[in-house]
Structure formats: structure tokens, C-alpha cells
Amino acid sequence: MRTLRVAVALFALGTACALPAHAESDAFAEPRAAMMRLIEKDVALTREFTGAAQFDARVMQAMARVPRHEFVPGPLRNHAYENRPLPIGHGQTISQPYIVALMSDLADVDADEKVLEVGTGSGYQAAILAELVREVYSIEIIEPLAEQARERLARLGYANVTTRLGDGYYGWQEHAPFDAILVTAAANHVPPSLIAQLRAGGRLVIPVGARFLTQQLLLVEKNADGSLRTRQILPVRFVPLTGSH
Amino acid sequence: MLAAVALVSGSAIAYEILLMRLLSIVQWHHFAYMIISLALLGYGVSGTFIALFKSRLQRALHGSFAASAALFAISAVVCFVLAQRIPFNGLELVWNPYQLVYLSALYLLFLVPFLFAATCVGLALTTFAWAAGRVYLFDLLGAGCGAMAIVAVLFVVAPQGGLKFVAAVAMVAASLACVGAESARVRFAGSLTGTAVLLLLVIPMDWLVLRLSPYKGLSQALAAVDARPLGEYSNPLGLLTVVDNPTIPFRYAPGLSFNAPRGPPRQLAVFTDGDAVSAITHIDGSLDSLTYLDYTPGALPYHLLDAPRVLVLGAGGGHEVLLARHLGASWIDAVELNPLMVRLLIDDLGAFAGNLFTTHNVAVHVSEARAFVADSRARFDLIKLALLDSAAASGAGVHALSESYLYTVEAFASYLQHLSPGGILAITRWLKLPPRDSLKLMATAIEALRRAGVADPSRHLAMVRSWNTVTLLVRNGGFSSADIERLREFCRARSFDAVYYHGMPASEANRFNLLSEPYFHMGATRLLTDAAAFTAQYKFHLTPATDDQPYFYHFFKWRTLPELYALRAQGGAGLIEWGYLLLIATLLQAGVAGGVLILLPLWLQGRSRSGSGGLRTGSYFFVLGLAFLFIEIAFIQKLILFLGNPVYAVAVVLSGFLVFAGLGSGFSTRFDKLEGTRRADPIHVVTAIIAVIATGYVLLLLDLLPLAIGLAEPLKVLLALLVIAPLAFCMGMPFPIGLHRVSVRRPDFLPWAWGLNGFASVLSAALATLLAIQFGFTALVLCGSALYLGAAWLLPAPAR
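Here it is in C-alpha cells:
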């Protein structure tokens, strides 16, 4: 009997660990739903420019599930679900939800895939990816952020995210190749090692622009023969010429 | 007292210049500009302050002056320390309205020291209005010397150390003011103040450590694990910070091809004012580690030329020099403005950089790029303009207000003249979507070629793009079909896209880095075929910059603003040119604040008194404030180009203007005796002379100056001062003439005259930039001249 009770307790504990800790209803459910409506509106407005009439349903579900308020500093929690970037300290930001959704959608990942993220930041993008794929590997160069994100992701039950502090330039060779790579900070060039660690058919996404002002996204697609094709996406409903569509 | 006036004026202008440096380092240039512009309203507010407490202040004149000067000294340091604790983040303005509160707090804080400084000068001018010419003489002489002195100080100490210098000089002024006091107590206080100067010297530098915005490039680099600053080097041109990171090395290779087998070797980062970054690449002798260079867009011209003689404009950390050396240049002349950067590469980090700058076929010149080219008799096979501004700053329109004489039509014409037959001008810039810089470069090159008599520029131009850079080539004599074949091969091997070459099929425009539309190709083609219609339709300003309107980075069009503003949360914020908008915001805020703090009290006081003619007299001083700066700013810009070095030029021209205006002011006291005689009103004569000289200069003389550009530097400075002297001398007169006349008729109006003039100066600085952007410096001078003529009409005639 005692053994059974221990087993039940362990099972209960195991279930609790397997389910992300935020599964229970939370006070932010309504703001999160409002955020989802905003993202849907933006997607509809920019579909001609991003090439996506609507985002992958799985991405939208992940955005609707992940408790963004857990990833922003305490005083900013009430702003967590506004469709804007927020500062997270150390000169870093948590991206605007629409951009996170767009990057996740562009990564075009399946449930059994493996993703590398360069720039863990708050860990929010990693959490979204964790909802979408089998394994997420994430590298951060700022020590306190890396530590906080590791602790936060563990607390929220994202067991399929592995983080480390270090140089993202050379990717993460032990776990390569990756089905998708997301670089969450603007870069002056795409590191050749990241391209090398991208599986044939894989996708790499990088934002371009200053902090708080993401201007465009770069999508690199590696074809089956190893050749590359890139797409530059201006995620805004804007054409530079009057009368041009 | 007069010496004290000079010292306060000198330290106030030094403080202004210093704050511009300090705030450009901790924040960004355009925010610094706005914050200081509004803080200068302190000059206007001091008029209100003096008017309200005039009798009390003047009764204890020496004490009031000394107290104000001492408070200026203290607040100059304290307000800066406090301001550093305000968590203002300009980048977040679009998202977070609380940032406006922080921004306002910054204005208010910096207004305090300027208010105290201006109170000193205002008190002296209004109390001794009968000798306004002499007081104003010392005010301007002091300011002129202060501007020179602070530039000299910045060669010796870091900008935050300069704060002590400013405070010390102001303290000495306070002490001096007490000397003439009747009260023994005040004299005693004066000697105490004198000794307080010594206290300033022991202020711990820890209190003044600069707290950079965490979003600046330097802060970001230092946040990475194991990053460490290797050294800091400062001069008036900027604060250079070298950062090393053995664990996560810095790597800078803009536009590097995806096909590059490897990235750059270990690099050190050099940040200027905490942002614009240059990389210093470690050269260990192995050619293998430099293979990446051939995969950068900047390698293209080396595929079209054989062992070229190269001129690099903007040597920076040496990237372009390294590229040239690696790709077979026979000789490299590299021009760098900042001597500290050159010294770093030669001395401190020479070994790290493989003694790049002292290689046998490299000659490094410390000079301003335009001046070097204008002065050079050599011809080059390749002239390269290095990409030196940061991508983030470039993208956010940070430079919108910055004048740049490197990217004007006249500059391009000068580069083209220095190309050998078949030589190439190559310029790489960050790629922006929708295209802006790239198309303006193209438009500028087309205009320069046309001016050089090339009937069909299309054969002389080529452009390629990587995913984040655009490179323009202009070839003297045009591109051959063999060139174009090589260019296409270069692009194919690196997955770059051709944007334009003569005869390029549209199908080739969007091959590797796909855009939703081939915007770059379409834009480049239309600029060659129907430029007028295209630039009119395009939602960004693409008209080429000229030396008269040197605002290459200005892409703003009013009609695009509503659309982008509506889209600000959907990505539009990144496309708005914030620098320009902040300029407008500065003007509006200064207008409102000036209205509330200066005009409203004036109006209220006017209602309670029976005096008349206040509006007209007030307008006179207001218009003078506008006109003086219009002309001064325009001539500073015109002479920067002539003198070459912007730091010396600003210091020399600004000081020259102030000193000669001061002398003019001193001279104007002679007119006081003429008041009431039957001779012509001197104000009409003086303003007419100003208008004639200023207009004559911009229409005739300034075109002749470039002929003297080859003179030795001291001669050029002398020539510039000779040009300024008569104009500034006359410009120093109308203000004291007016004050003297008002002191006879309505002495109670004197503080308002001072305040309105100060208020107008704030508006004028912002307005001058706006007018220069829209209409050019020539128009600005003409406008200033017209205002002087109008002012003469506003001033009531002397009592006869």
C-alpha cells in the first residue's frame, strides 16, 4: 500500500512535470486572448507582404498557451500582452508578439523537429518553439539573462529546451543539424557555421533593425541540394510607391 | 563685473558644447540635440525671472550675480549627475508614453544651469543697459573664448572631466563678482567661493562615470560574457572605446556572402561615442583567415581592376585597407579624420592588426575626406567610401539632422574628377527596405555624372546587393561588356543580386535574395529614365543632397507620415525617420514652453502697465534672435567645408563670430552719442550692411573659396576669419543698440528684451536646421538678411 502511494505520488509529480506549469487557468487569460486577436488582425493586414494568409494554427495555439507575462520583468507584467516589444534588462528586449509569431511561422517547423535559437533573451521565443517541436537548443551570451531564462523555462516545465551560456556564432555542433535556426538579435552577417548546421530543407530566420524597431526579417532556405535561397520580408503593409501594389 | 560676465558666458557655451558631447555618448545625437535645445530655453526664462524680481535682484546686484554664477557652477555638475539617473529610453518612445515624462524631466533638469547662467548675463545687461554695448562685448568675447577653450580642454580630458572645468570657471566668475560688492559679507562669500573651486577638483570621477543607454552598441557588446574594455581614448571628435572579448570575439563583416567558407578571424571592436562601430581584425600572417574578405560586397571592384591604386575614405579600424591589401592593390592611400583611431592602429594595436597601417604600400592620412580629395592632385583607380555608420542608427533615421559633405553631388563630382581613366568609385551602404540610401546614392551619382558632361550616365553605373548591403559602382568611361560579365560572375558565386547595370534584364533582378517586388532594380532604372516622376511618387525623399543642402540621410516626406504612423505598431515605426520628427517636436515644444514661460508672463505684466510699443519692441529682439543664428549657422556650415576639419572649423568659426560680434557690440556704443541727432538712424545702416555682406557672400564669395582650398591650414583659418570679421562685427551691433534705446524709453522692458531674444535663439537653432534641410543654407542666409532688414523697421526711432 505504501509503495502504491509513493507510486501514485510520483506519477502525480511526473504528470505535473510533464504538463507545463501554466496549464491551470491564469489571470492573464483574457489579455492573452486579446493579444491573439491583435496578432490575427496584423496577420490579415500584412498577408500580401509576409506571404502568409494566416499563420500556422500550431503557432497560434502556442502563442495562446505560453504565459508571456512570466517572461517579462515584474513591473511590466500588466503590459505583457500588448502587441509591443518590452525591455527585459541588460539592453535586451522581448520581441513584439506579432514578430515572435511571424518568426515562428516562417521557421515552418514540425512536431518532431529540432531547432536552434541564437539569443535566448527572456526565453519566450524558446518556449513558443518548445510547444512546436521536439527539441529546442538555445544559446545566450549575457550571463544573467541565460541564468534567468534557464530557471524560468525549467520552472514553467519546458523540459525540451536546453540552454547554455556561450558563443552562438558557431552554433551547437553536438546537436546539429537543425531543422530550423532562429537568430533573435540583428546580425551584421549570417555566420557560415549556422548555415552549415542547417539541415537540407531547413530554414533560418533573422530580424533586421534596431531594438524596439524590427524593420525586416531575413528568411534563408536551404534547398535539398544544399543551395540557398533567401527572402527578405518587410512585415508591414507599406509600398514605397504611390499607386503601386 | 565685466570679467565675471565674460567668464559666465564662456562657461555657459562650454557647458552647452560639453553637454552635446556627453548626451551624444550616453544617448543618441538627435535626442541630445532636442534636450539641449529645450534646456537653452533657460535663457528665455531668465528674462521672465529678472522681470519678476528685478528690483530685488538689482538691489543686491553683486550678491545676486555671484549667487547665480555659483548656482550655475553647482547645477552644471549636479544636474548632469541626476540626469544620468533618469531611465530615459528614446527607442521606446513609440511604445511607451511614460518615456515622455522622463524626457521632460531631462529638459527641466538641464534648463536649471542655463537659467542661472543666463540670469547672470541678463542681470548685467539690464542693469547696465546704458552701457549695453560694453556688457555685450564681454558676453560675446567670453562666449567666443569659452567655445575655443572647451575644444582645447576636450583634447586633454574626457568630456565628463570637462564638467569640472566648466564649474570651476563659473565659480571663479562668482568669486570675481563679489569683489566689487559694497557689503563685506558678500566679499567674504566671494573669497569662500574662490576656495570652493578647489573642492571641484576633488569631486570623485566615479560620480561622473557615464551611464550609457543599455541599447547602444557599446553597452550591448560589454554585456556579453567575458567582454572587457581594452581602452578609452577621447578627443573633441569622439570617445573611442576598444572592446575585446576572448570568449565571444567580435565579428564584423557586413554583407558577408552565405557562400563564405568561414567568417572573419578574431576582431576587436572600436565604438565611437558608444555606437558607430569599427572592427580591427587580427592579422596573424595566415592568408586563410582572410578568405572571408573576398566574400564581402566590397571585393567587387577588385574583380574589375588590376592591381589598382586605391583611395580609402574613412579608414576606421582598417577593414577597407585590409581588403585592398588582400585583394592586390598596388598602393593604398587611406584617409581617416580621427587621429586617435590612426594612433590606435599604428601604436597600441599595431601588432594585433599586423601593422596594417605601416605596410610598405599603405599611406595613412589624418584629414577630412572631402578636403583630402579636393587638395589631392593624384588620380586613383579606385576610390572607396567606407561604411562607417552603424546599421541600427542608419535604420532608425538617427542621422537625419546630420550634415554630411561626403554624399553630396559636389562630393561625387570631386571623386569622379580624381579617378584615373577606367577608375571606379565604390560605395557600400546598409540595405534598407524599402530602398532609401541606395537609390539616393544612385540619384546623386547620376546628377554628378550629368554635371561632368556625361550625356548617358546609364553605362557608367552598376549596383549590387547582398541581403543587408548595397554597393554602388561608378566607372569613369563606363563599364565594358567584359566588366559586366565579371560582375555577374562575382554575384553568382556569392549569391548577391545585381541591382543595375546597363542592359540588365529585369528577370535578373531578384534571384538570390528575394524581395516581394524588385524594388531596387525598379528604382534604379526609373531614376535613369523618368527621375522626376519617380522621385515625386516615391514615398521617401530621394533628391540628391548638395553642399548647400548636405542632408543625405534625410528621407522624410510629410505625406508618408500619416501612413507610417498608423502602421507604427505593425512594423511602421521602424520606417519613420525619427531624427526629423524630433526636430519638429523640438520646435513645437520650444514654442509652447516659450509661450507659457516667456510670452504669457510678458502679456500679463503688459496688461497691468500702461506702456505701449511693447509688441513692436519685443518683436525686434525676437527677430534679432532668429536672424543672428540663421546667418551664423549657415556660415559655420559653409566654412566647415572650406576648413576641412569639422572640430577646428566649428571652434574657429563660432569663436570668430562671437568675438567679432563682441567687438562690433563694443563699437556700437559710439552710436549712443549720436542718438537724437539728425543723422540716419544707425540701425538702418547697420542692418543694411549686414544684409548686403551676407547676401554678397553667399552669392559670390563662397563660390570662390574652394579655389583657396589648397592653402596651408593656418592661412585657411586666417582667410575664414577675414571673411567672418566684417559680417560678425556688424551683427554684434543691433542688439546693444536696441537695448540702449529701450533703456532710455522703457527700462522695465529690458528683461523681456533679453528673454525674448533668448527664446528666439532656441527656436532659431531648430528652425535653421529645418529651413536648411528644406531650402538650403543660401536660402537660410537670405532669410536671415531679410529678418535683419525687417528688424530695423521694428525698432522705434531714437528720441530726438
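If you're matching them up, the sequences are chains A and B in order. For what it's worth, this note's numbering labels the leading residue of the first sequence as 1044, then goes sequentially. For what it's worth, this note's numbering labels the leading residue of the second sequence as 121, then goes sequentially. Ideal placement from N, C-alpha and C gives every residue a C-beta, glycine not left out.
Subject >> 6 Å Cβ shell around LEU359(B) - same chain, five flanking residues per side excluded >> reply: ILE145, ASP393
Original post:
Distance, Cα to Cα, ALA911(B) vs ARG736(B)?
Top reply: 9 Å
Subject >> Local Cβ density within 10 Å of THR649(B), reported as buried at 16 or more and exposed below that >> reply: By the neighbour-count criterion, in which a residue is buried when 16 or more other Cβ atoms sit within 10 angstroms of its Cβ, THR649(B) is exposed.
Subject >> Counterpart residues of GLU1160(A) in DSSP-defined beta bridges >> reply: Per DSSP, SER1181(A), LEU1225(A).
Original post:
The alpha helix (DSSP H) spanning ALA953(B) covers which residue range?
Top reply: Lying before the first or after the last residue shown, residue 953(B) is absent from chain B, which here runs from 121 to 920.
**OP:** Answer with yes or no whether the minimum CB distance from TYR658(B) to chain A is below 9 Å.
**Re:** yes
Original post:
Roughly how many whole angstroms lie between the Cα atoms of MET1103(A) and MET1079(A)?
Top reply: 8 Å
Original post:
For the segment 1123-1139 of chain A, which residues have a beta carbon sitting closer than 9 Å to at least one beta carbon of chain B?
Top reply: GLU1125, ASN1126, ARG1127, PRO1128, LEU1129, PRO1130, GLY1132, HIS1133, GLY1134, GLN1135, THR1136, GLN1139
**OP:** Could you give the DSSP three-state label for TYR256(B): helix, strand or coil?
**Re:** Here TYR256(B) sits in helix by DSSP.
Original post:
Nearest to PRO541(B) by CA position, among ALA568(B), HIS446(B), ALA563(B), LEU502(B), is which residue?
Top reply: Put simply, of ALA568(B), HIS446(B), ALA563(B), LEU502(B) the residue whose alpha carbon is nearest the alpha carbon of PRO541(B) is LEU502(B).
Subject >> Exposed unless 16 or more other CB atoms sit within 10 angstroms - verdict on LYS504(B) >> reply: buried
**OP:** Rounded to whole angstroms, what's the CA-CA distance from ARG1272(A) to ALA546(B)? Just pull it up for me.
**Re:** Roughly 26 Å separates the two Cα atoms.
**OP:** Examine chain B for any beta-carbon lying closer than 9 Å to the beta-carbon of VAL1282(A), and answer yes or no.
**Re:** yes
**OP:** Work out the CA separation of ALA251(B) and ALA126(B) for me, nearest whole Å.
**Re:** 15 Å
**OP:** Would you mind telling me which residues of chain A sit closer than 8 Å to ALA344(B), beta carbon to beta carbon, in chain order?
**Re:** What ALA344(B) touches in chain A, judged by beta-carbon distance under 8 Å, is ILE1184, ILE1185, going in chain order.
Original post:
Are any of the Cβ atoms in chain B nearer than 9 Å to that of GLY1214(A)?
Top reply: no
Original post:
How about the segment 290-302 of chain B and the segment 184-196 of chain B: do they share at least three Cβ pairs that are nearer than 8 Å?
Top reply: yes
**OP:** Return the residues of the segment 356-369 of chain B that lie within a Cβ-Cβ distance of less than 7 Å from chain A, sorted by chain order.
**Re:** THR367, ILE368
Subject >> Among GLN178(B), ALA196(B), ALA132(B), the one whose alpha carbon lies nearest that of LEU229(B) >> reply: ALA196(B)
Subject >> chain B residues whose Cβ lies nearer than 8 Å to that of ASN1121(A) >> reply: Correct list: empty, because the minimum Cβ distance to chain B is about 13 Å.
Original post:
When the Cα of LEU223(B) is compared with those of MET853(B), ALA832(B), ILE206(B), PHE236(B), which residue comes out closest?
Top reply: ILE206(B)
Original post:
Does the distance from the CB of ALA1170(A) to the CB of ARG1101(A) come in under 9 Å?
Top reply: ARG1101(A) is positioned such that its CB atom lies no closer than 9 Å to that of ALA1170(A).
Original post:
Helix, strand or coil: which one does DSSP assign to ALA572(B)?
Top reply: Secondary structure of ALA572(B) (DSSP, three-state): coil.
Subject >> alpha helix (DSSP H) segment containing TRP872(B), residue limits >> reply: Element bounds for TRP872(B): 870-895.
**OP:** Within 10 angstroms of the Cβ of PRO1187(A), are there 16 or more other Cβ atoms? Answer buried if so, exposed if not.
**Re:** exposed
Original post:
Out of curiosity, what's the CA-to-CA distance linking LEU243(B) and LEU1119(A)?
Top reply: 48 Å
Original post:
The alpha helix (DSSP H) with PHE849(B) in it runs from where to where?
Top reply: 833-851
Original post:
Which residues bound the alpha helix (DSSP H) around LYS284(B)?
Top reply: 279-299
Original post:
Touching or not, the segment 1207-1217 of chain A and the segment 1226-1243 of chain A, by the rule of three or more beta carbon pairs under 8 Å?
Top reply: Yes, the segment 1207-1217 of chain A touches the segment 1226-1243 of chain A.
Subject >> Cβ separation of GLY448(B) and LEU476(B), assumed to be a contact under 8 Å, to the nearest whole Å >> reply: Actually they do not touch by this definition, with Cβ atoms about 15 Å apart.
Original post:
Does the pairing of the segment 1238-1250 of chain A with the segment 1178-1194 of chain A give three or more beta-carbon distances under 8 Å?
Top reply: no
Original post:
Would you call LYS1084(A) buried or exposed, if buried means 16 or more other Cβ atoms sit within 10 Å of its Cβ?
Top reply: exposed
**OP:** Counting only the same chain and skipping the five closest in sequence on each side, list residues whose C-beta sits under 6 Å from that of THR1205(A).
**Re:** TYR1180
Original post:
Using a beta-carbon distance below 9 Å, is ASN1231(A) in contact with chain B?
Top reply: yes
Original post:
When the distance is taken between beta carbons, is TYR671(B) closer than 9 Å to ILE893(B)?
Top reply: One thing to note: ILE893(B) has its Cβ within 9 Å of the Cβ of TYR671(B).
Subject >> Buried versus exposed call for PRO1283(A) [16 or more other C-beta atoms within 10 Å across all chains shown] >> reply: buried
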